[in-house]
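What follows is one structure encoded as structure tokens, with my remarks underneath.
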Amino acid sequence: MSKRDFVILTDYDKQTLSSIVDRAIEMKGGAKPHRGEDKALAMIFTKPSTRTNVSFRMAMHRLGGTSMYLGQETLQLSRGETIGDTGKTLARYVDIIMIRTFDHQDVVDLAAGSSVPVINGLTDLCHPCQAMGDVMTLKESLDGSLEDAKLTYIGDGNNVCHSLIHAAGIFGFSLTVSAPEQFAPDSDVLKPMQDRNSNIVVDSDPVSAVQGADAIYTDVWVSMGDEDEADKRYEIFGDYQVNSELLSHAKDSCIVMHCLPANRGEELTDAVMDGEQSRVFEQAENRMHSQQAILEYLLGTI
Ligand code: CP
Ligand code: NVA
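Using our numbering, read the sequence shown as starting at 161 and increasing by one per residue.
Now the structure itself:
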């Protein structure tokens, strides 16, 4: 079997991703994981993380393996060793590498040069593991089928939004993205997915965008690495808050999603985040189950 990486969702077809999501739901329900006792995961972080770090550690632990957190400051990466040389070295010790960093190309290069599977734990371009947990959350929360669902994303059209666009293109659900023009999703991400699924649309008006939505999703207005633009962003994103008023324009059964961490009072209100329709902590939990299934798949234990 050739080495598998998990760098971007578009590397995979619907059948493969669906079977990973279904396996995650099965394990959440109590199915025994396929053990990987002798397996080790190295996790490189050049950005902070709560969920990705802890959920991957616990997923690996539940598979019976081990994992290690490698913050950039603790690595020779901070003194100029290349990402490629770091990856080649780590591959001599461990069975799988996860990396969270800025430039997506670094992850592509790391995967190309590494003899062990590489997982993207978020780049400026996309966040595929987040979207896998989110598809799982959608499947669990919806009455009908995933294909018939409408998700509306409100806010910055960057990494998390990009992976949701990929997921909509692959899984076939409807997705409306409502972002200010300057922060619309990258057309290189959007166009090919619109060619696959004509129900992926952009609507800069949040009120019309949430009509008929089964789920509303938002993310921070200032992502990691965007801090220099914070003031400008607060001004532009002011009309894109997910609050009770906006939620009232969606279906009564509409759920609210956020990848977290949230900036309460900015992209969503306390009332919405803590309200009955919120599924944000289910999403956080599902990161662990879905990554357990991704690890099984990449390690070849399923
Ligand atoms: N959603 C997510 O990736 O959270 P962390 O930044 O805490 O890992
Ligand atoms: N868009 C956010 C997601 C955090 C999980 C960021 O990149 O900071």
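Even for Gly, the Cβ is constructed at its ideal location relative to N, Cα and C.
- Per DSSP, reduced to three states, the secondary structure at methionine 384 is coil, with no helix or strand assignment.
- Placement of the Cβ of proline 345 at a distance of 8 angstroms or more from every heavy atom of ligand 2 is found.
- When the five nearest sequence neighbours on each side are left out, the beta carbons in the same chain lying within less than 8 angstroms of the beta carbon of glutamate 442 are those of Thr297, Glu300 and Ser301, in order along the chain.
- When DSSP reads this structure, valine 402 sits in a beta bridge with Leu428.
- Cβ contact annotation for aspartate 173 (same chain, cutoff 8 angstroms, sequence separation greater than five): Ile330, in chain order.
- For alanine 431, the CB contacts under 6 angstroms within the same chain, skipping 5 residues up- and downstream, are Ser404 in chain order.
- For the pair of segments examined, the segment 300-314 was found not to touch the segment 196-210: the number of CB pairs separated by less than 8 angstroms stays below three.
- Judged by DSSP secondary structure, valine 278 falls within the beta strand (DSSP E) whose first and last residues are 278-280.
- For leucine 250, same chain residues with a beta-carbon under 7 angstroms away, outside a window of 5 residues either side, are Ala202 and Ile257 in chain order.
- By the Cβ neighbour-count rule, glycine 190 is exposed, with fewer than 16 other Cβ atoms within 10 Å of its own.
- Taking the Cβ atoms as the reference, methionine 433 lies roughly 20 angstroms from serine 215, outside the contact range of under 8 angstroms.
- Straight-line measurement puts the Cα of glutamine 452 at about 11 angstroms from the Cα of glycine 196.
- A residue is called buried when at least 16 other Cβ atoms come within 10 angstroms of its Cβ; lysine 192 does not meet this threshold and is exposed.
- Valine 254 sits in coil when the DSSP states are folded into three classes, being neither helix nor strand.
- For asparagine 446, the shortest separation between its Cβ and any heavy atom of ligand 1 does not lie below 8 angstroms.
- In the DSSP assignment, threonine 226 falls within the beta strand (DSSP E) that extends over 226-231.
- Within a 10 Å sphere around the beta-carbon of arginine 260 sit 16 or more other beta-carbons, which makes this residue buried.
- Proline 366 counts as buried, since at least 16 other C-beta atoms from the protein chains shown sit within 10 angstroms of its C-beta.
- The segment 385-395 makes no contact with the segment 345-355; the number of CB pairs closer than 8 angstroms stays below 3.
- Here the distance from the Cβ of arginine 211 to the nearest heavy atom of ligand 1 is below 8 angstroms.
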